[in-house]
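Top to bottom, those sequences are chains A and B. Here the first sequence stands for residues 531 to 682, where the numbers follow this note's numbering. Here the second sequence stands for residues 33 to 250, where the numbers follow this note's numbering. First the structure, in the form of structure tokens, and then the observations on it.
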Amino acid sequence: MDKLHKKLFLNEEEISLDLLPENIEQADVYDITIIQSEGKCTARINLEPVKDSLSKVFIKIFAENNALVDCVCTLNVGKECSGIDTDVQFRSWPFDRSRIQARPEMFIKNGNIIAAHGNALGTLSDEDKYYLNSRGITNFKEMIKRSLIDEE
Amino acid sequence: MLKLKNLTATIGGKEILKNVSLTVNRGECLLITGQNGSGKSTLLHTIMARPDIDARGEIELGGNSISDLECYERARLGLFLSHQSSPTLDGINTTSLFFEMAKIKNDSLKKIDVIKKAKAAFRDLNLPDDWTRRDFNVGASGGERKKNEIAQAKMFTPNVLLLDEPDSGLEQSSRSKVIDLIEETKAAGGIVLLVTHEKVLQDQYSNNRIELNDGQIA
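Listed below in structure tokens is the structure:
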């Protein structure tokens, strides 16, 4: 079984988080959610896997009311840390003229590792909106926000 | 009673439905057949008020016109469309979506009860329990998406159930679940409109059937 670590940050000005994956057979999975409804949030996430470890990092960022989120996830791999397999994925939902800057940084000193990363915008297409409407739902922003906060 | 009077539907300047009139009573299932492109799906989407469809004519439910109602308003009246291809909704957790639907239905269910109900519906369709925790349809196959639609219809007991090829992509053993759903909806006094190419379902409901041909009832 993957080891799941969940973190939720609500309207924080500063977030500083160290992720230290150490699982070898299975993955350490970090599910990080940042909800920003006002002001500015600066998030610095430091990922330092040990040798041969597996890890996945999902960073979900929701911003509304003109808020600004600046999030960097830094992967540090030392010379001795071979065999690492890691994946960092950002997904952002900016609403109401909010801005989300989300980026991975990688400092890798070992050639024998896998370091995947991705960055996607969580938008709803017209088809998605029609589907939600056909379920009686109109407030998409609230729906997504609640969904990110209240995951089962 | 659901009544359509001279319903015409145009999409992107092309007339798809032409003066369709029909009546379906409570507790009835109307089978809609016809070739690909004959307007079957468009008919269901017109009843559901898809925004890109320019509809003319009259739609009445229980003697009241719903022609001017938006899609979400019709949904809140108990119209439920089982979509032929439902989307993937990244970031929208399945439980949260169902809970929202339950609240709209004025269901006094607590979230934990919604989860239990969803798990029971999923289990009945051989979907794993963890579907409630997933983002909506993320990683789902075509058949699993169909099952998700059926599960929702079972959970929320619609007044008007619009089934757009609910069986395509389903394994044989799950097809009986579609019949169960139709029968349960009818027994609860609901109205069912069924679009299908599946012979077993067509045979089952052939006593109340219309065929569409080039957007008109043949």
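Backbone N, C-alpha and C fix where the C-beta goes; we use that ideal spot for every residue, glycine too. Keep in mind it's a predicted model, so treat the numbers as computed, not measured.
Beta-carbon contacts of residue i that lie in its chain and below 8 angstroms, excluding the five residues immediately before and after
{"i": "Asp582(A)", "result": "Ile554, Ser612, Gly613, Ile614"}
{"i": "Leu54(B)", "result": "Lys35, Leu36, Leu62, Ile242, Ile249"}
{"i": "Lys143(B)", "result": "Thr127, Phe131"}
Sequence-distant residues of the same chain with beta carbon closer than 6 angstroms to residue i, five excluded per side
{"i": "Leu538(A)", "result": "Thr563"}
{"i": "Arg177(B)", "result": "Ser118, Asn169"}
{"i": "Leu549(A)", "result": "Tyr560, Leu577"}
Same chain only: Cβ atoms within 7 angstroms of residue i, ignoring 5 sequence neighbours per side
{"i": "Leu213(B)", "result": "Ile182, Ala185, Lys186"}
{"i": "Arg166(B)", "result": "Thr126"}
{"i": "Gly175(B)", "result": "Gly201, Leu202, Glu203"}
Alpha helix (DSSP H) segment containing residue i, residue limits
{"i": "Val232(B)", "result": "231-236"}
{"i": "His647(A)", "result": "Not the alpha helix (DSSP H): His647(A) falls in the beta strand (DSSP E), residues 644-651."}
{"i": "Phe588(A)", "result": "Looking at the DSSP string, Phe588(A) is not in any alpha helix (DSSP H); the run it does join, the beta strand (DSSP E), is 584-593."}
{"i": "Arg106(B)", "result": "103-108"}
{"i": "Thr164(B)", "result": "Segment: none, Thr164(B) is in no alpha helix (DSSP H) and carries neither H nor E."}
{"i": "Glu548(A)", "result": "Note on residue identity: the sequence assigns Asp, not Glu, to residue 548(A). Looking at the DSSP string, Asp548(A) is not in any alpha helix (DSSP H); the run it does join, the beta strand (DSSP E), is 544-549."}
{"i": "Asp707(A)", "result": "The requested residue 707(A) is not part of the displayed model; chain A covers only 531 to 682."}
{"i": "Ser677(A)", "result": "670-679"}
Enclosing beta strand (DSSP E) for residue i [first to last residue]
{"i": "Leu63(B)", "result": "61-66"}
{"i": "Leu540(A)", "result": "533-540"}
{"i": "Met636(A)", "result": "629-638"}
{"i": "Ala715(A)", "result": "Outside the modelled stretch of chain A, which goes from 531 to 682, sits residue 715(A), for which no answer is possible."}
{"i": "Phe112(B)", "result": "111-114"}
{"i": "Lys570(A)", "result": "570-577"}
{"i": "Asp600(A)", "result": "598-607"}
{"i": "Phe620(A)", "result": "615-624"}
{"i": "Lys135(B)", "result": "Element bounds for Lys135(B): not the beta strand (DSSP E) but the alpha helix (DSSP H), 126-136."}
Where residue i falls, given that 16 or more other Cβ within 10 Å makes a residue buried
{"i": "Ser70(B)", "result": "buried"}
{"i": "Thr228(B)", "result": "buried"}
{"i": "Phe112(B)", "result": "buried"}
{"i": "Glu197(B)", "result": "buried"}
{"i": "Gln558(A)", "result": "Gln is not the amino acid found at residue 558(A); the sequence shown has Asp there. Asp558(A) comes out buried."}
Inset, instruction - Scan the segment 631-662 of chain A for residues whose Cβ lies nearer than 7 angstroms to a Cβ of chain B and list them as they occur along the chain. - result: Gly652, Glu657, Asp658, Tyr660, Tyr661
Inset, instruction - Output, in sequence order along the chain, the residues in the segment 161-192 of chain B whose CB is closer than 7 angstroms to any CB in chain A. - result: Thr164, Arg165
Inset, instruction - Pick out the complete beta strand (DSSP E) segments inside the segment 168-236 of chain B, 3 residues or longer, and give them in chain order. - result: 192-196, 223-227
Legend entry - Interfacial residues, the segment 661-680 of chain A to chain B, with Cβ spacing under 7 angstroms: Tyr661, Asn663, Ser664, Arg665, Gly666, Ile667, Thr668, Met673, Ile674, Arg676, Ser677, Leu678, Asp680
Inset, instruction - Anything in the segment 590-606 of chain A with a Cβ closer than 9 angstroms to a Cβ of chain B? List those residues in chain order, please. - result: Lys590, Phe592
Inset, instruction - Please name the residues in the segment 611-624 of chain A whose beta-carbon is closer than 8 angstroms to at least one beta-carbon of chain B, in chain order. - result: Arg621, Trp623
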